[in-house]
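This report refers to the structure that appears directly beneath it.
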DNA sequence: CTTCAAAGTGAATCGGAATTCTAGAACAGT
DNA sequence: ACTGTTCTAGAATTCCGATTCACTTTGAAG
C-alpha cells in the first residue's frame with residue numbers, strides 16, 4: 001500500500017468553531033490571527049483548510065444557516081399542522097436565546113449580498129442554501145391557505161422568518177427578553193391573517 | 198481687520214453626501230478613497246473636515262438617524278392621536294422607499310454598539326441621539342395605555358420601530374414591496390394589542 | 001497689490017492584517 | 001528504520017487602505 005498521511009490535529013469544524021468564537025467577540029471585523037488564537041494554533045493551519053478569510057467566514061455562515069434551518073425542519077416535521085407556522089416563528093427567538101453565537105454568525109451575510117461577491121468554491125452552496133427552506137415554506141403555505149401563490153408565500157416568509165428575526169436582531173449578543181416572544185407570536189398571527197378572506 | 202480665509206469648496210454635508218453614496222454602493226466596507234471619488238476631490242479634503250474614517254461614518258449615521266427621526270416627529274405632531282402609533286410604524290417602510298440610501302446608512306451602526314467604541318468628539322451626540330425619540334415613545338405610550346411602564350413602552354418600541362424595521366431590512370438597497378406595508382400594519386396593531394387588558 | 005488665515009491637494013508614509021512559503025513533524029504501511 | 005503523504009508551524013512577505021504633511025490656492029481685508 002501507499003504511505004498514509006499525518007492525521008489532522010484540527011477538524012474543519014474546530015476551525016469554524018474558533019471562527020464562531022471570534023465572530024461572537026468581534027463581528028465581521030474578526031481577523032484570521034484572532035481566529036488562530038481561539039483555535040490555539042497558527043494561522044497557517046487555518047489557511048491549510050480554508051483558502052482565504054472570505055471562504056472561512058462564508059463557510060461559517062453556511063454552517064450556521066444550516067444548523068438554524070435543521071431545527072426548523074425538525075419542528076415542522078413533528079408539530080401539529082394547525083400551529084406549525086406560529087411555532088416556526090417562535091423558533092427564531094428560542095434559537096437565538098439557546099445559541100447566541102450561532103445567531104450572531106447568521107448576521108455575517110445575507111444570501112443575496114453574498115452571492116454578488118462569493119468565493120467561487122462556495123457559489124453552489126450559497127446559491128442553494130435556501131432551497132429546502134423555500135420548499136418547506138411553500139408546503140406550509142399550501143396547508144394554511146390551500147394555495148401557494150406569490151403573495152401568500154411571501155406573507156408566510158414575513159410572518160415566520162423576517163418579522164421574528166427583525167424582532168430579535170437588536171438583542172443579538174445579549175439576552176433576548178421574554179416580551180419578544182410575545183411580540184413574535186402576535187406579529188406572526190396577524191401577518192398570516194392578512195392572507196385570509 | 199485681519200485677513201479672511203479662503204471660502205470652503207466643500208461643505209460638511211457635501212462630504213457626507215459623498216459618503217452616503219459610497220455606503221449605498223459598498224456598505225460599511227466603503228473606503229475613504231471611494232468617498233473622495235464620489236466627492237470629486239482628493240482624500241485630503243475629507244480629512245480636512247473629518248478627523249478619521251470612523252468619525253466620517255459615525256457622523257453620516259448620526260445625520261441619517263436625525264433625518265429619519267425628523268419625519269417621525271412631524272408625523273406624530275400632526276396625525277390624529279388614535280392612529281398615531283400605526284402611522285409611526287408605517288413611516289418606516291415609507292421612509293425606506295423614499296430614501297433608500299439614507300435607510301442603508303442607518304444600518305451602519307447601532308447606538309449601543311457604537312457607544313462602545315466611539316470617537317470622543319461624537320460621544321455626546323451618539324449618547325443622546327435617541328433621547329427625543331424615547332420621550333416621544335413614552336408620550337405616545339401614555340396616550341395609548343394610560344401609563345408608560347417598562348413593559349408598555351417596550352411594546353410600543355417593538356411595534357413602531359423594531360418590527361417595521363425588521364420587515365423592511367431584507368429589502369434595503371432594493372425596492373420595498375407593498376406587501377411589507379400590509380405586514381407592518383398588521384404586526385404593529387397586533388403587538389400593541391399585547392398590552393391591552 | 002500684498003498679506004494671511006483657512007482650505008484644498010495628493011504623493012508619500014504607516015500600520016495592520018491577509019496571505020505565502022519553507023521547514024519540520026506525525027503517522028501507517030513497507 | 002525508512003518513505004511518502006499530509007498536516008502543523010510561524011516567520012517573512014505582500015497588500016491595501018487609512019492617515020499624514022509639506023506645499024499650493026484662494027479671496028477678502030487692508
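Chains as they are written, first to last, in this note's numbering: chain B, 1 to 197; chain X, 198 to 394.
Yeah, the Cβ is synthetic: ideal placement off N, Cα and C, and Gly gets one too.
If contact means a Cβ-Cβ distance below 8 Å, which residues of the region 373–384 of chain X contact chain B?
374, 376, 377, 379, 380, 383, 384
Within chain B, the residues that residue 316 of chain X reaches when beta carbons sit closer than 8 Å:
Position 119 of the second chain, counted from the first residue, corresponds to residue 316 of chain X. Under the 8 Å cutoff, chain B gives no residues; its nearest Cβ is about 16 Å from residue 316 of chain X.
Just mark residue 247 of chain X as buried or exposed, buried being the case when its beta carbon has 16 or more other beta carbons within 10 Å.
For the purposes of this step, residue 247 of chain X is taken as residue 50 along the second chain, with counting starting at 1. Classification of residue 247 of chain X: buried, given that the 10 Å Cβ count is 16 or more.
On the CB-based measure, 16 or more other CB atoms within 10 Å of its CB, does residue 331 of chain X come out buried or exposed?
For the purposes of this step, residue 331 of chain X is taken as the residue at position 134 of the second chain. Exposed: under 16 other Cβ atoms inside 10 Å.
Do the region 53–72 of chain B and the region 117–125 of chain B make contact, defined as three or more Cβ pairs closer than 8 Å?
yes
Just to confirm, is the Cβ distance from residue 373 of chain X to residue 286 of chain X under 9 Å?
In the second chain, residue 373 of chain X corresponds to position 176, counting from 1. In the second chain, residue 286 of chain X corresponds to position 89, counting from 1. No, these two residues do not count as a Cβ contact at 9 Å.
Give a yes or no on whether 9 Å exceeds the smallest Cβ distance from residue 162 of chain B to chain X.
Residue numbering aside, residue 162 of chain B sits at position 162 when the first chain is read from its first letter. Chain X, which has a Cβ nearer than 9 Å to the Cβ of residue 162 of chain B, makes this yes.
Could you tell me the alpha carbon to alpha carbon distance between residue 240 of chain X and residue 316 of chain X, rounded to whole angstroms?
Taking the second chain and counting its residues from 1, the one referred to as residue 240 of chain X is at position 43. Taking the second chain and counting its residues from 1, the one referred to as residue 316 of chain X is at position 119. Residue 240 of chain X and residue 316 of chain X: Cα-Cα distance of roughly 20 Å.
For residue 193 of chain B, return the contacting residues in chain X, with the cut-off set at a CB-CB distance below 7 Å.
In the first chain, the residue the question calls residue 193 of chain B occupies position 193. 383, listed in chain order.
Give a yes or no on whether the minimum CB-CB distance between residue 79 of chain B and chain X is below 9 Å.
Position 79 of the first chain, counted from the start, is the residue given in the question as residue 79 of chain B. With 9 Å as the cut-off, residue 79 of chain B does not count as an interface residue toward chain X.
If contact is defined by three or more beta carbon pairs under 8 Å, each pair taking one atom from either stretch, is the region 94–104 of chain B in contact with the region 144–159 of chain B?
no
For residue 364 of chain X and residue 166 of chain B, which I take to be in contact (beta-carbon distance under 8 Å), what is that distance rounded to the nearest angstrom?
If you number the second chain from 1, residue 364 of chain X lands on position 167. If you number the first chain from 1, residue 166 of chain B lands on position 166. Indeed they touch by this definition, with Cβ atoms about 6 Å apart.
Where residue 169 of chain B meets chain X, residues with beta-carbon distance less than 7 Å
Residue 169 of chain B sits at position 169 when you count from the first residue of the first chain. Listed along the chain, the chain X residues whose CB falls inside 7 Å of the CB of residue 169 of chain B are 363.
Between the region 59–76 of chain B and the region 11–20 of chain B, do three or more beta carbon pairs fall short of 8 Å?
yes
Please check the pair residue 288 of chain X and residue 272 of chain X, which I expect to be a contact at CB under 8 Å, by giving their CB distance rounded to whole angstroms.
Counting from 1 along the second chain, the entry for residue 288 of chain X is found at position 91. Counting from 1 along the second chain, the entry for residue 272 of chain X is found at position 75. Going by Cβ atoms, the distance from residue 288 of chain X to residue 272 of chain X rounds to 6 Å, so yes, they are a contact pair.
Given a cut-off of 9 Å on the beta-carbon distance, is the pair residue 318 of chain X and residue 265 of chain X in contact?
Taking the first residue of the second chain as 1, we reach residue 318 of chain X at position 121. Taking the first residue of the second chain as 1, we reach residue 265 of chain X at position 68. Not a contact, by the Cβ cut-off of 9 Å.
Select from the region 142–156 of chain B all residues with a C-beta closer than 8 Å to any C-beta belonging to chain X, and list them in chain order.
Taking 8 Å as the Cβ-Cβ cut-off against chain X, the residues of the region 142–156 of chain B that qualify are 151, 154, 155.
The region 134–148 of chain B touching the region 76–85 of chain B, judged by at least three CB pairs closer than 8 Å
yes
Of all the CB atoms in chain B, is at least one closer than 9 Å to the CB of residue 250 of chain X?
Residue numbering aside, residue 250 of chain X sits at position 53 when the second chain is read from its first letter. No - not a single Cβ of chain B is within 9 Å of the one on residue 250 of chain X.
Quick check on residue 116 of chain B: buried or exposed, where buried means 16 or more other Cβ atoms within 10 Å of its Cβ?
Start at 1 with the first residue of the first chain, and residue 116 of chain B comes out as number 116. By the C-beta density criterion, residue 116 of chain B is exposed, having fewer than 16 other C-beta atoms within 10 angstroms.
Relative to the C-alpha of residue 383 of chain X, which candidate in X:360, X:203, X:220 has its C-alpha closest?
Locating residue 383 of chain X in the second chain gives position 186, counting from the first residue. Comparing Cα positions, the closest option is X:360.
I'd like to know if residue 190 of chain B contacts chain X, where contact means its C-beta is closer than 9 Å to some C-beta of that chain.
In the first chain, the residue the question calls residue 190 of chain B occupies position 190. It does: the Cβ of residue 190 of chain B has a partner Cβ on chain X nearer than 9 Å.
Output the distance between the C-alpha atoms of residue 328 of chain X and residue 347 of chain X, rounded to the nearest integer angstrom.
Locating residue 328 of chain X in the second chain gives position 131, where the first residue counts as 1. Locating residue 347 of chain X in the second chain gives position 150, where the first residue counts as 1. Looking at the two C-alpha atoms, the distance is approximately 16 Å.
State buried or exposed for residue 394 of chain X, treating a residue as buried only when at least 16 other CB atoms are found within 10 Å of its CB.
Here residue 394 of chain X refers to the residue found at position 197 of the second chain. It counts as exposed.
Can you tell me which of B:181, B:174, B:193, B:178 puts its alpha carbon nearest to the alpha carbon of residue 379 of chain X?
For the purposes of this step, residue 379 of chain X is taken as the residue at position 182 of the second chain. Nearest option by C-alpha distance: B:193.
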